[in-house]
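Only one structure is covered here, and it is reproduced in the block below.
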Amino acid sequence: MNITRCGWVNEDPLYMAYHDEEWGKPLYDDRKMFELLMLEGMQAGLSWYTVLKKREHFREVFDEFDPQKIVLYDEAKIEALMQDTGIIRNRLKIYAIIQNAVVYQQICREEGSFAKYLWTFTGGEPVINGWETRSEVPATSPQSDQMSKALKKKGMKFVGSTICYAFMQASGMVDDHTTDCFCHQKGLMSGR
């Protein structure tokens with residue numbers, strides 16, 4: 012049986028599984044959303060495929076993206092990360108993850124939940140788009156502009172509108188599977 016996927020998916024089983032099982036499925040878990048937003052920031056200037064291949068190692072060296080642990084990272088930890096060829100070694104991006112962990116904690120204190128706060132930018136529901144081709148899919152949206160502005164105001168780094176939109180697509184806040192893709196609109200069925 013031939014399955015039609017979004018045009019950006021390559022033939023790597025890892026990438027196909029990511030597309031089929033994760034991308035566009037609504038996430039409501041605070042830590043998973045923090046991890047995904049941080050990895051989207053790491054991806055800036057690179058391809059998501061590059062990050063995806065390194066994701067398990069990122070999880071290992073960043074303590075499963077536990078903000079409580081990340082806020083305690085010192086210069087020795089940062090230097091160890093800078094020497095680790097299994098991740099993207101960009102000092103500004105590493106510092107950003109530490110700073111963002113501080114902001115994550117602040118948002119959780121103020122809003123009760125990081126995920127709940129982020130979902131407010133789409134009114135708490137996934138935005139279902141009906142793009143027929145990959146070329147129609149935008150790089151940003153009014154919602155990603157708002158999310159980016161709000162997160163930056165709170166002190167987060169590497170959360171530009173393009174990064175926020177990619178995050179919204181990946182976390183299922185936006186369904187941008189093209190209409191010919193077998194996953195289009197199926198994100199709604201995964202439920203909370």
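According to the numbering used here, the sequence shown is numbered sequentially starting from 12. Positions of the beta carbon are idealized from the N, C-alpha and C atoms, including for glycine. Just so you know, these numbers come straight off a predicted model, no measurement behind them.
Worksheet item: Which stretch, first to last residue, makes up the alpha helix (DSSP H) that contains Y106?
Response: Unbroken alpha helix (DSSP H) run through Y106: 102-122.
Worksheet item: Skipping 5 residues on each side, what residues in its chain have a beta carbon closer than 7 Å to that of G166?
Response: Annotation for G166: Q110, V114 place their beta carbon closer than 7 Å to its own, counting only its chain and skipping 5 residues before and after.
Fill in: Three-way DSSP call (helix, strand, coil) for D74 in this model
Of the three classes helix, strand and coil, the one that applies to D74 here is helix, per DSSP.
Fill in: Helix, strand or coil at D41 according to DSSP, with G and I counted as helix
D41: helix per DSSP, three-state reduction.
Worksheet item: Which residues bound the alpha helix (DSSP H) around D31?
Response: Start and end: 24-32.
Item to complete: Note down the Cα distance separating M184 from T173, rounded to an integer number of angstroms.
Response: CA-to-CA, the gap between M184 and T173 works out to about 14 Å.
Worksheet item: Is the beta carbon of G35 sitting closer than 8 Å to the one on D191?
Response: No, the Cβ-Cβ distance between G35 and D191 is not below 8 Å.
Fill in: Assumed close pair A126, M44 - CB separation to whole angstroms, cut-off 8 Å
Rounded to whole angstroms, the Cβ separation of A126 and M44 is 5 Å, and the two are in contact under 8 Å.
Worksheet item: Do you know offhand how far G134's Cα is from E71's?
Response: If I take the Cα positions, the gap works out to 33 Å.
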